[in-house]
Amino acid sequence: MQVYLEDLNEQQRAAVLHINGPLMIVAGAGSGKTKVLTTRIAHLMHQGVDPFNILALTFTNKAATEMKERIERILGNNDARNLYIGTFHSVFAKILRAEATKIGYPSNFTIYDTDDAKSIIKEIVKDLNLDDKIYKPAFVYNRISAAKNSLLNAAAYINDSVIQQEDARGNRPMIGEIYLRYENKCFKNGAMDFDDLLFKMFTILHAAPDVLAKYQHRFKYILIDEYQDTNVAQYQIIKMLGAVNENICVVGDDAQSIYSFRGATVKNILQFEKDYEDTKVIKLEQNYRSSKSILEVANTIISNNKNQIKKSLWTDNEHGEKIKVVRTLTDNDEGRFVADTITELKLRNHYDNKDFAILYRTNAQSRSFEESLRKMNIPYKLYGGVSFYQRKEIKDLLAYLRLVVNPNDEENLKRIINYPVRGIGKSSIDRMVLAANTHGITMWEVLQTPTSIGLKGAALAAAENFVVMLKSFQSMLEKENAYDIAFAVGKQTGLVAELYNDKSVEGLARYENIQALLNSIKEYTETPDEEGELHDKSLGNYLQQITLLTDVNNDDADKDAVSLMTIHAAKGLEFPCVFSVGLEENLFPSAMSLYDRADLEEERRLFYVVVTRAKSKLWISYANTRYRFGSLIQNDPSRFLDEIPEPYLDKTFTGSASKSNNSGLGIQFRADDKTPSSLKKLSEKIQQQAIPAHTPSANFTIADPSEIEVGQKVEHQKFGIGTVSAIEGASNNRIAHIDFGAGNGLKKIMLNFAKLSIVK
DNA sequence: TGATGCTAACTTTTT
DNA sequence: GTTAGCATCA
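Using my numbering, read the first sequence as starting at 404 and increasing by one per residue.
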């Protein structure tokens, strides 16, 4: 038996050894799904399958990189570089680059990110004299995106009576028209948005039988990761590509389907067996990641969902600790609690920073954690948020580079035609746009004959100089690599100098960002290609890749730092210690999801995902109040808290943070009619714990937590007078054991949060 | 015409 | 609390 087969369990090995024919692997969280996929690919190659014939598709760059690395480790050589492995978007972009001319697109098409797309939509809304309060760019974009993911073009959208009724009911009957104009504009600009990379891929395979045959023949083996997250477009493409050989292997877990907002549909999993009669189904149900407690909690949570494929995930791992539920007064307290706890655990249990992850529902929640971690000098890595490539100065330089490759791209042309300022003002630009629209040509073409639109004097000279400059960059395309062109652009446009001369703090940061971008381009040109087939370090090839990256290449990936990210971004990852934060109604579950069963179930799957990221320690926290839109709001604890079975819960930290009365910031577990029944149950539980009999004495003064010592008599606002019997924990995160005698008994109280008065 | 300062809108989640 | 977009001023 091959070495790589030895540490697989029976089901895993069966999945690896199944070579020909359709295969569906239903893989629970932590069941070794990536291991199976990578071993399977290594095994195929070991059996003599040419890596050029293997296509492996993932959803994130992170997952693709990790897969590639693991395959290389198994193989012990670099044959893996010949595999077609990457995200749906990046692999299709590469293929489209070779085939786009078949549907009238230039091969050097530009890829628009979400911001680019929204600003075009905004312009169209303006051109149509529509109210942008009703036709919000984000809303229209989502609508168009959903249509594309269902393989509906603008014409089909307009002809679909159901969609038209929907839009009419939503008082937005013009979305179809906007879509049509958007579609035309992108085509004219030689640009595709993210969804087009799927849609146009489908279009080509559908329209050009020779292309379809070519890739059907090439991809003899197809592997799809996270199949539960595929949408209609992806499903159809895979189906077409795999139709000849039917060697399709999909891996998925319906319990972890969290991308329906992007058009993903679990139906694709259920459909798979119907599409391929002789599908072999293998279930991976042994979890190797988490403790029994964590897994039990996860299983219980997910069982609350009605729609799911039945499976029973189990583990041989030890029982482990209870799940710690933490209540804090504010979002800042939540941040402090997490930072304090990390500090303490590093001291006490010798954990590294990289063993911790703080996972939240929305990116906006990262602030309080960043602050508290910085204060405690804990290094952290923030994933997501505003990406490096979305910063203005980066987009400016990239706009030039894109324009050099594709001068018809009007959006990027407009972005930089007068930046840095070169005397091409608004009125000149307006004339160009007008001329371009009336003659059905592009702005770049108008620019070739600037006198034809009546430019004269300084404006004429400026326009001519701009054209000459851009053409000089274009002449470099053939011979020079991406870095040389980027450097020349930065220098000759005056863009780098402009930032260099800005000596403000922000200006300095922008200058550094531009340098970082140039360095990363340099690194790109100096790193050998992974495909092996072509050593294409051209600017065009560079730009192709860059738009699909969400982050700067993490060469500091092994840096010892706490990870901060959304739960979505954490899928597929695991950490010894996980803080699942912000478990509050309206936040998690999100306010957008409360009125629809399917949406709420997706939130619950998200909760399932976050719980199953943890190997041994899991904290779940919520704050009574937090800042949102600049003002303080109160949220009830999340209904999901009530779905955690009691025996697995450690609520030590929930009872000590509230004030004695029902005023001010103290939590008030309302039991009125508005409160969901699940919350009532939870509030009853907690109210039973707290005995509100005690009234604080008149001279009650809150003591500094560091003054509390063993043996002292202290007064608690709620529990009354007690004696400190022991203190545990680090100096900044001490927990006092206080005996409040009959009635309240022994309590563990976190000194950072509790308000105690020393009784003299 | 460009920079500065104020108001409003903003928060799901990602390629 | 943050940022984008608009209005106002130099």
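A virtual CB, placed ideally from N, CA and C, is assigned to each residue, including glycine.
Alpha carbon to alpha carbon, how far is Ala861 from Asp534? Your numbering for residue 861 matches position 458 in the first sequence. Your numbering for residue 534 matches position 131 in the first sequence. Taking C-alpha positions only, Ala861 is separated from Asp534 by approximately 37 Å.
How long is the line joining the alpha carbons of Phe491 and Glu472, rounded to whole angstroms? Residue numbering aside, residue 491 sits at position 88 when the first sequence is read from its first letter. Residue numbering aside, residue 472 sits at position 69 when the first sequence is read from its first letter. Distance between the alpha carbons of Phe491 and Glu472: 18 Å.
Buried/exposed call for Leu937, threshold 16 Cβ in 10 Å: Along the first sequence, read from residue 1 onward, the residue named residue 937 stands at position 534. Unreliable positioning characterises Leu937 in this predicted model, as indicated by a pLDDT of 45, which lies under 50. The coordinate reading is nonetheless provided below. Exposed: under 16 other Cβ atoms inside 10 Å.
Three or more C-beta pairs closer than 8 Å, one from the stretch 1004-1016 and one from the stretch 777-796: is that the case here? The answer is no - the stretch 777-796 does not touch the stretch 1004-1016, with fewer than three Cβ pairs under 8 Å.
How many angstroms separate the CA atom of Val807 from the CA atom of Ala889? As a first step, residue 807 must be located in the first sequence, where it is residue number 404. As a first step, residue 889 must be located in the first sequence, where it is residue number 486. Cα-Cα distance, rounded: 10 Å.
Per DSSP, which one or two residues make a beta bridge with Arg1029? What you label residue 1029 is simply residue 626 of the first sequence in a count that begins at 1. Partner residues in the beta bridge of Arg1029, as assigned by DSSP, are Ile1036.
Put Ile819 into one of helix, strand or coil per three-state DSSP. As a first step, residue 819 is located in the first sequence; it is residue number 416 there, counting from the start. Note: Ile819 maps to helix in three-state DSSP.
Among Ile917, Gly431, Arg1000, Ile856, which one has its Cα closest to the Cα of Lys886? Numbered from 1 along the first sequence, position 483 holds the residue referred to as residue 886. Here the sequence assigns Tyr to residue 886, which means Lys is not the residue at that position. Minimum Cα distance to Tyr886 is reached at Ile917.
Below 6 Å CB to CB, which residues in the same chain sit around Ala973 once its five sequence neighbours on both sides are set aside? Mapped onto the first sequence, residue 973 falls at position 570. So the qualifying residues of the chain are Leu762, Arg1016.
From the DSSP output, in three-state form, read off Phe991 for me. Your numbering for residue 991 matches position 588 in the first sequence. Assigned with DSSP and collapsed to three states, Phe991 falls in coil, not helix or strand.
Mapping DSSP to helix, strand and coil, what is Lys431? For the purposes of this step, residue 431 is identified with residue 28 of the first sequence, where counting begins at 1. Contrary to the premise, residue 431 reads as Gly rather than Lys in this sequence. Judged by DSSP in its simplified three-state form, Gly431 adopts coil rather than helix or strand.
Once DSSP output is grouped into helix, strand and coil, what is the label at Lys1175? What is shown of the chain runs 404 to 1163, which leaves residue 1175 out entirely.
Would you mind reading off the limits of the alpha helix (DSSP H) that contains Tyr487? Counted from its first residue, the first sequence places residue 487 at position 84. In the DSSP assignment, Tyr487 falls outside any alpha helix (DSSP H) and within the unbroken beta strand (DSSP E) covering 487-490.
Looking at C-beta atoms only, is the number of pairs between the stretch 659-678 and the stretch 405-421 that lie closer than 8 Å three or more? By the C-beta criterion, the stretch 659-678 is judged not to be in contact with the stretch 405-421, since fewer than 3 inter-stretch pairs fall below 8 Å.
Touching or not, the stretch 616-631 and the stretch 593-607, by the rule of three or more beta carbon pairs under 8 Å? Because the criterion of three Cβ pairs below 8 Å is not met, the stretch 616-631 and the stretch 593-607 do not touch.
Please report the residue range of the alpha helix (DSSP H) in which Tyr544 lies. Here residue 544 is taken as the residue at index 141 of the first sequence, counted from 1. Tyr544 -> alpha helix (DSSP H) spans 540-552.
List the residues that DSSP assigns as beta-bridge partners of His620. Working through the first sequence from its first residue, we reach residue 620 at position 217. Its beta-bridge partners do not exist; DSSP assigns none.
Does at least one heavy atom of the ligand ADP sit under 7 Å from the Cβ of Asp599? No copy of the ligand ADP occurs in the structure displayed, which carries no ligand at all.
Along the chain, where does the beta strand (DSSP E) containing Tyr585 start, and where does it finish? By 1-based counting over the first sequence, the position of residue 585 is 182. No beta strand (DSSP E) contains Tyr585, which is instead part of the alpha helix (DSSP H) from 578-592.
Met879 lies in the alpha helix (DSSP H); which residues open and close that run? On the first sequence, residue 879 is found 476 positions in, with the first residue counted as 1. Element bounds for Met879: n/a, residue is neither H nor E.
As an exercise, report each continuous alpha helix (DSSP H) stretch of at least 4 residues that is fully enclosed by the stretch 653-707, in chain order. Within the stretch 653-707, the complete alpha helix (DSSP H) runs of at least 4 residues are 670-678, 695-705.
For the stretch 458-504, which segments carrying the beta strand (DSSP E) assignment without a break, of at least 3 residues, lie completely within its bounds, in sequence order? Counting only runs of 3 or more, we get 487-490.
Alpha carbon to alpha carbon, how far is His1140 from Ile661? Counting from 1 along the first sequence, the entry for residue 1140 is found at position 737. Counting from 1 along the first sequence, the entry for residue 661 is found at position 258. If you take the alpha carbons of His1140 and Ile661, they lie about 42 Å apart.
If we count the other Cβ atoms within 10 Å of its Cβ and call it buried at 16 or more, is Leu1149 buried or exposed? Walking along the first sequence from the start, residue 1149 turns up at place 746. Exposed is the call here.
Hey, out of Lys906, Lys894, Phe597, whose CA is closest to Leu952's CA? As a position in the first sequence, residue 952 is number 549, starting the count at 1. Nearest C-alpha to Leu952: Phe597.
Mind checking which residues open and close the beta strand (DSSP E) that includes Gly1123? Here residue 1123 corresponds to residue number 720 of the first sequence, with the count starting at 1. Counting along the chain, the beta strand (DSSP E) containing Gly1123 begins and ends at 1123-1131.
Going along the chain, which residues of its own chain have a beta-carbon closer than 8 Å to the beta-carbon of Glu688, five neighbours each way excluded? As a first step, residue 688 is located in the first sequence; it is residue number 285 there, counting from the start. Closer than 8 Å at the Cβ level, and outside the excluded window around Glu688, lie Gln414, Gly431, Ser434, Lys714, Ser715, Leu716, Trp717.
How many Å lie between Arg739 and Lys778 at the Cα? Reading the first sequence from its first residue, position 336 is the one you call residue 739. Reading the first sequence from its first residue, position 375 is the one you call residue 778. About 9 Å.
Helix, strand or coil at Lys1056 according to DSSP, with G and I counted as helix: By 1-based counting over the first sequence, the position of residue 1056 is 653. It should be noted that the sequence gives Phe, not Lys, for residue 1056. Look at Phe1056 here: in three-state DSSP terms it is strand.
Runs of beta strand (DSSP E) wholly within the stretch 762-795 (minimum 3 residues, chain order): Restricting attention to beta strand (DSSP E) runs no shorter than 3 residues, the stretch 762-795 encloses them at 783-785, ordered along the chain.
Would you call the CB atoms of Gly593 and Asn811 closer than 8 Å? Residue mapping note: residue 593 aligns to position 190 of the first sequence, counting from 1. Residue mapping note: residue 811 aligns to position 408 of the first sequence, counting from 1. Closer than 8 Å, so yes.
Roughly how many whole angstroms lie between the Cα atoms of Ile399 and Met595? This structure leaves residue 399 out entirely; the chain is present only between 404 and 1163.
Identity of the residue in Gln1115, Thr1055, Val1162, Ile1161 nearest Lys725 by Cα: Within the first sequence, numbered from 1, the residue matching residue 725 stands at position 322. Residue Thr1055 holds the alpha-carbon nearest to the alpha-carbon of Lys725 among Gln1115, Thr1055, Val1162, Ile1161.
Following the continuous alpha helix (DSSP H) through Ser379, name the residue where it begins and the one where it ends. The chain is shown from 404 up to 1163; residue 379 falls before or after that span and cannot be answered.
Considering His722, what are the terminal residues of the beta strand (DSSP E) in which it resides? For the purposes of this step, residue 722 is identified with residue 319 of the first sequence, where counting begins at 1. Unbroken run through His722: none, as it is neither H nor E.
Assumed close pair Ile523, Glu814 - CB separation to whole angstroms, cut-off 8 Å: Numbered from 1 along the first sequence, position 120 holds the residue referred to as residue 523. Numbered from 1 along the first sequence, position 411 holds the residue referred to as residue 814. About 6 Å separates the two Cβ atoms, so the contact holds.
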